[in-house]
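Novice: Quick one: the structure is below, questions incoming.
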Amino acid sequence: MKQIYIRRYLFRLRDARQLVYSNRKQRDRRSLPSLRHRSP
Numbered sequence: 020m021k022q023i024y025i026r027r028y029l030f031r032l033r034d035a036r037q038l039v040y041s042n043r044k045q046r047d048r049r050s051l052p053s054l055r056h057r058s059p
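With the numbering used here applied, the sequence shown covers 20 to 59.
Okay, structure coming up:
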């Protein structure tokens with residue numbers, strides 16, 4: 020049973036790291052002038 024809880028905890032930590040990383044990417048895109056929106 021303990022192994023299952025540990026696995027869930029590790030997965031949650033990984034998901035949290037991915038969310039933080041994606042949020043940082045979005046902030047960088049907002050700060051920098053996005054060429055994608057300007058290009059037709």
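Idealized CB from N, CA, C, for every residue including glycine. What you are looking at is a predicted structure, and each value in this text was computed from that prediction instead of being measured.
What's the C-alpha gap between Ser41 and Ala35?
Specialist: Here residue 41 is taken as the residue at index 22 of the sequence shown, counted from 1. Here residue 35 is taken as the residue at index 16 of the sequence shown, counted from 1. Roughly 10 Å between the two C-alpha positions.
Novice: How many Å lie between Tyr24 and Leu38 at the Cα?
Specialist: The sequence position of residue 24 within the sequence shown is 5, counting from 1. The sequence position of residue 38 within the sequence shown is 19, counting from 1. For Tyr24 and Leu38, the distance between alpha carbons rounds to 21 Å.
Novice: Measure the alpha-carbon distance for Gln22 versus Leu32 and round it to whole angstroms.
Specialist: Numbered from 1 along the sequence shown, position 3 holds the residue referred to as residue 22. Numbered from 1 along the sequence shown, position 13 holds the residue referred to as residue 32. Distance between the alpha carbons of Gln22 and Leu32 is about 15 Å.
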